[in-house]
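Comments concern the structure below.
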Amino acid sequence: MVIPILLSELSAGKLGLLREWMDVCVQTSCPRLSIDWGHDFLVDGAGRVVPLLNPYEAKVALGQAQGFQPRLPVPATESLLLDSYPMDFYADESLGDWTPRHGRSLRPGRRPVPAQLSVT
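Residues 2 to 121 in our numbering are what the sequence shown spells out, letter by letter.
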C-alpha cells in the first residue's frame with residue numbers, strides 16, 4: 002500500500018516516528034536528502050532495514066529504470082566512482098521520468114492569456 006505523507010520539512014526525527022510502519026520511504030522533495038543522509042533511516046527499532054530512496058532509486062528498485070554501474074577495475078589511486086548516477090533532478094532534459102521536469106523542453110509552450118478589457 003502506498004500512503005503519501007506531506008511534511009513541511011523532512012528530518013530523521015519525523016521519519017523516525019513513522020518507520021515502525023514503513024517498509025520503504027521514497028521522498029520526492031530533494032533527491033540529495035536520500036543520497037546525503039539516507040543512512041539515518043536504515044534501521045528501525047526491530048533491526049529492520051527501512052531504506053530512504055529518491056525517485057530514481059525507486060524506479061531502479063521497481064525495474065522501471067536502468068541502474069548505475071561502478072567503473073571497474075578501480076585504480077589504486079582512485080576511489081570507487083559511479084559511471085552514470087543521474088544527478089539531473091531539476092534538468093529539463095533529464096535522463097528519465099523520475100524527475101519533475103523530464104521532457105519539459107518537448108512540451109508545447111503555454112499561450113499567453115489575453116489582456117482583459119477594462120470597463121470604464
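Virtual Cβ for every residue (Gly too), placed ideally from N, Cα, C.
The structure presented is a predicted model; accordingly, all values stated were derived computationally and were not measured.
Start and end of the alpha helix (DSSP H) containing VAL61?
As a first step, residue 61 is located in the sequence shown; it is residue number 60 there, counting from the start. 56–62 is the span of the alpha helix (DSSP H), which, as asked, contains VAL61.
What's the gap between the Cα of GLN139 and the Cα of ALA47?
A query on residue 139 cannot be resolved here, the shown segment of the chain reaching from 2 to 121 and no further.
Under the rule that 16 or more other beta-carbon atoms within 10 Å means buried, what is ALA59, buried or exposed?
The residue you call residue 59 lines up with position 58 of the sequence shown. The residue in question, ALA59, is buried, as its Cβ has 16 or more Cβ neighbours within 10 Å.
For a quick check, are the C-beta atoms of PRO56 and THR29 less than 8 Å apart?
Taking the sequence shown and counting its residues from 1, the one referred to as residue 56 is at position 55. Taking the sequence shown and counting its residues from 1, the one referred to as residue 29 is at position 28. Contact flag set, yes.
When you compare only the Cα positions, how much space is there between ASP24 and ILE36?
Numbered from its first residue, the sequence shown carries residue 24 at position 23. Numbered from its first residue, the sequence shown carries residue 36 at position 35. Taking the straight line joining both Cα atoms gives about 18 Å.
Name the two residues that bound the continuous alpha helix (DSSP H) containing LEU16.
Here residue 16 corresponds to residue number 15 of the sequence shown, with the count starting at 1. Where LEU16 is concerned, the enclosing alpha helix (DSSP H) stretches over 13–17.
Is LEU8 helix, strand or coil by DSSP?
Start at 1 with the first residue of the sequence shown, and residue 8 comes out as number 7. Three-state DSSP puts LEU8 in coil, outside helix and strand.
In the DSSP output, what is LEU34 paired with across the bridge?
For the purposes of this step, residue 34 is taken as residue 33 along the sequence shown, with counting starting at 1. According to DSSP, which records beta bridges pairwise, LEU34 is partnered with nothing at all.
Assign GLY104 to buried or exposed, taking buried as 16 or more other Cβ atoms, counted over all protein chains shown, within 10 Å of its Cβ.
As a working note, residue 104 is residue 103 in the sequence shown. The residue in question, GLY104, is exposed, as its Cβ has fewer than 16 Cβ neighbours within 10 Å.
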